[in-house]
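Numbering (our numbering), first residue to last: 550 to 748.
Glycine included, each C-beta is placed from N, C-alpha and C at the ideal position.
Notes for the one structure printed next.
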């Protein structure tokens, strides 16, 4: 799509302006780095456009420090547009911890229930559902329910879902799908993640 020119124009009876203002459902998936980073970049653009932003993280712990969280929360507190940030789970929640009494499946289901409530109320104009592919992959959240809810969401609410192994039905329903592929990564050379780069 060079220079922003579309390759075809659908016969849907809409004007260019109406088509341009439709809500977007995006999926960032694949094994490469940058899925969440790209989604948070979109959230910054949304905030700059004056849209209320809601971020829902499904895997990272409440204790996990994420640089984008600090930046977006500060913007939300000091700017004209709110940013709401929710974290579910206990971080890397697919690892069974001895003595853990938390029900990660129930927490993920409640997180999805909150998103459904927010979509119905049109609470935000832009949603980041970070690492949300995993609860669907593990059967904690029903893929068909997600697809139906996002397809039927009211108003103009933009949604981006991140995470590896996105379900085929999710990909089929999305307007924009990007697959991040890994060509090379510092971890291949034994280097761990570092502040300012990974978080």
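Exercise. Could you pull out every unbroken beta strand (DSSP E) segment of at least 3 residues lying fully inside the segment 564-615, listed in chain order?
Key: 574-578, 602-606
Quiz item: Which residue from 679, 665, 675 puts its Cα closest to that of residue 697?
Solution: 665
Quiz item: According to DSSP, is residue 673 helix, strand or coil?
Solution: coil
Practice problem: Write down every uninterrupted run of the alpha helix (DSSP H) in the segment 683-717 whose length is 4 residues or greater and which is fully enclosed by it, in chain order. | Solution: 692-700
Quiz item: Under 9 angstroms, do residue 692 and residue 602 count as touching if we go by C-beta distance?
Solution: no
Practice problem: Kindly indicate which three-state DSSP category residue 627 falls into: helix, strand or coil? | Solution: The answer is helix: DSSP assigns residue 627 an H, G or I state.
Quiz prompt | residue 597, buried or exposed, once every other Cβ within 10 Å from all chains shown has been counted against 16 | solution = exposed
Quiz item: Around the C-beta of residue 736, are 16 or more other C-beta atoms found within 10 angstroms, so that it is buried, or is it exposed?
Solution: exposed
Quiz prompt | Per-residue DSSP class, three states only, for residue 728 | solution = strand
Exercise. Express the C-alpha separation of residue 624 and residue 722 in angstroms, rounding to a whole number.
Key: Spanning the two alpha carbons is a distance of roughly 31 angstroms.
Quiz item: What's the call for residue 555, buried or exposed, on a 16-neighbour Cβ count within 10 Å?
Solution: exposed
Practice problem: Would you check if the segment 579-598 and the segment 669-688 touch, i.e. whether three or more CB-CB distances between them fall below 8 angstroms? | Solution: Touching, per the Cβ criterion.
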